[in-house]
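Asker: Below are the structure tokens for one structure; questions will follow.
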Amino acid sequence: MRISSLLKRQNILCRVQCQSRKRALQLAAESVAENDPDQDGLVADEVFAGLIERERLGSTGLGFGVAIPHCRMPCQAIHATFMSLAGPVDYEAMDNEHVDLLFVLVVPNSETHAHLDLLAELATFFNSAENRSALRKCDNADAVMRCFERMETASPNVKRA
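Residues in the sequence shown are numbered from 32 upward in steps of one, following the working numbering.
The structure is reproduced here in structure tokens:
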């Protein structure tokens with residue numbers, strides 16, 4: 032699955048002002064719920080609760096200023112939101128670095144294999160300093176989409192649908 036195929040321009044939030052991990056997750060949950068193309072009936076408060084519940088198990092902060100918050104919900108398809116923050120927030124990441132790039136996933140309860148593959152693919156993608164740097168320079172949704180598409184085309188490790 033191509034990472035860019037999960038994103039819709041309305042689910043890309045650039046240089047968002049927020050002061051905490053909690054607020055970033057609230058904004059991401061609102062984005063997922065408000066831009067639900069599959070009409071799954073996702074509710075922002077429920078998505079937020081799912082994301083917070085998952086964070087209680089352990090931070091989804093990968094390191095290098097990146098987090099991949101995710102949760103399972105009763106829905107038909109995987110939903111994604113990408114956020115870059117105007118300034119990094121404390122995220123209790125493994126490397127103790129603050130986070131300014133978030134790729135948020137809401138996954139159907141029934142998905143297991145695809146969900147784990149996607150998390151691994153995102154971790155590999157964000158492990159690249161070049162990818163992180165390029166995304167941090169983007170200031171609008173179109174630039175982010177072009178960035179993901181360009182990096183997927185250039186990377187031999189990205190799986191094709």
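Glycine residues also receive a C-beta, built at the ideal position from the N, C-alpha and C atoms.
Among His146, Asp173 and Met182, which one has its Cα closest to the Cα of phenylalanine 157?
Answerer: Counted from its first residue, the sequence shown places residue 157 at position 126. Nearest C-alpha to phenylalanine 157: Met182.
Asker: Is DSSP giving leucine 150 helix, strand or coil here?
Answerer: Your numbering for residue 150 matches position 119 in the sequence shown. Here leucine 150 sits in helix by DSSP.
Asker: Using beta-carbon positions only, say whether methionine 176 and serine 35 come within less than 8 Å of one another.
Answerer: Taking the first residue of the sequence shown as 1, we reach residue 176 at position 145. Taking the first residue of the sequence shown as 1, we reach residue 35 at position 4. Yes, these two residues count as a Cβ contact at 8 Å.
Asker: May I have the straight-line CA-CA distance separating isoleucine 83 from leucine 56, to the nearest angstrom?
Answerer: Here residue 83 refers to the residue found at position 52 of the sequence shown. Here residue 56 refers to the residue found at position 25 of the sequence shown. Isoleucine 83 and leucine 56: Cα-Cα distance of roughly 8 Å.
Asker: Under 6 Å Cβ to Cβ from aspartate 121, same chain only, skipping five residues before and after it: list those, please.
Answerer: Numbered from its first residue, the sequence shown carries residue 121 at position 90. Excluding residues within five positions, the ones whose Cβ falls inside 6 Å are His129.
Asker: Buried or exposed for serine 51, going by 16 or more other Cβ atoms inside 10 Å?
Answerer: By 1-based counting over the sequence shown, the position of residue 51 is 20. With fewer than 16 other Cβ atoms within 10 Å, it is exposed.
Asker: Assign leucine 136 to one of two classes, buried (16 or more other C-beta atoms within 10 Å of its C-beta) or exposed (fewer than that).
Answerer: By one-based count along the sequence shown, residue 136 stands at place 105. Buried: at least 16 other Cβ atoms inside 10 Å.
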